[in-house]
Amino acid sequence: AVLLSDSASTGKSVLLDLLFGLRSPTRGFITINGASPRELRPRVLRHHVALIRTVEVFEGTIAENVAVGRPDVSTGVVREALALAGILEFVQILPHGIETRIDSSGHPLTTNQLRRLMLARAIAGKPRLMMIDGLLDSFSDDEIRKLVAWLAAAERPWTLILVSQRTYPRELGLRSVSLCPPTSQHSSPSFRTDNTNPGTRTVGENNSHGGDNHGR
Numbered sequence: 024a025v026l027l028s029d030s031a032s033t034g035k036s037v038l039l040d041l042l043f044g045l046r047s048p049t050r051g052f053i054t055i056n057g058a059s060p061r062e063l064r065p066r067v068l069r070h071h072v073a074l075i076r077t078v079e080v081f082e083g084t085i086a087e088n089v090a091v092g093r094p095d096v097s098t099g100v101v102r103e104a105l106a107l108a109g110i111l112e113f114v115q116i117l118p119h120g121i122e123t124r125i126d127s128s129g130h131p132l133t134t135n136q137l138r139r140l141m142l143a144r145a146i147a148g149k150p151r152l153m154m155i156d157g158l159l160d161s162f163s164d165d166e167i168r169k170l171v172a173w174l175a176a177a178e179r180p181w182t183l184i185l186v187s188q189r190t191y192p193r194e195l196g197l198r199s200v201s202l203c204p205p206t207s208q209h210s211s212p213s214f215r216t217d218n219t220n221p222g223t224r225t226v227g228e229n230n231s232h233g234g235d236n237h238g239r
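Each residue of the sequence shown is one higher than the last, beginning at 24 in our numbering.
Written out as structure tokens, the structure is:
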């Protein structure tokens, strides 16, 4: 698991956009298992890569908002994902449980419950790469510790990349990566790993240009 932590936010989000196929590098290249994200069909990429950045819900049931039309996400998978995200206990006390309808603003769920719903959606898809861009920053230290310890465990099917302005406990074993300032006004920030962790290396800078900012 990798933690991108710095006061600046633009460069970190650019890196996630590159991995999610929302931008293309103008210098160098980026690949996921040997394939460029921009060369993969969107449906294939979204199946293997999850980007959680903001709360995005639609009018429908809680179960529908977790499954988002994926035929392989059964009711059992929905319940398991909600439990792992720490929201199932609350959902079960609602009159209609996972079939409770929410509106486009997420009502009757609270903001933090909606953030957990986004986590459940990503967990249910069992991606190979999970990227969480600031979504956990509003949680308490104890909540973050529990969530990240589970998300970053070695037995998970995904590689985890976290973007945060919070400081995470070292016991979580995250590899910390910091932004290097851009070398010119035309370049993007580059990334360097924490020198305290063995086996780390610097990732060179990339210029990039954006695609449509959708499909996250």
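In this text, a Cβ means the ideal position worked out from N, Cα and C, and glycines have one as well.
Is residue 163 helix, strand or coil by DSSP?
coil
Do the stretch 129 to 144 and the stretch 97 to 108 make contact, defined as three or more Cβ pairs closer than 8 Å?
yes
In angstroms, rounded to a whole number, what distance separates the CA positions of residue 38 and residue 159?
18 Å
Taking 8 Å as the threshold (C-beta atoms), are residue 186 and residue 164 in contact?
no
For residue 143, which residues from the same chain have a beta carbon less than 8 Å from its beta carbon, with the 5 sequence-adjacent residues on both sides left out?
89, 101, 104, 105, 107, 108, 110
I need the boundaries of the alpha helix (DSSP H) containing residue 90, first residue and last residue.
85 to 90
Exposed unless 16 or more other CB atoms sit within 10 angstroms - verdict on residue 114:
buried
Beta-carbon within less than 6 Å of residue 24's beta-carbon, same chain only, minus the 5 sequence neighbours each way: which residues are those?
175, 183, 197
Local conformation of residue 142 per DSSP, three classes
helix
Of the residues 167, 179, 132, which one's Cα is nearest the Cα of residue 3?
Residue 3 lies beyond the stretch modelled for the chain, which goes from 24 to 239, so this question has no answer here.
Any idea if residue 116 is buried or exposed, counting beta-carbon neighbours within 10 angstroms, 16 or more meaning buried?
exposed
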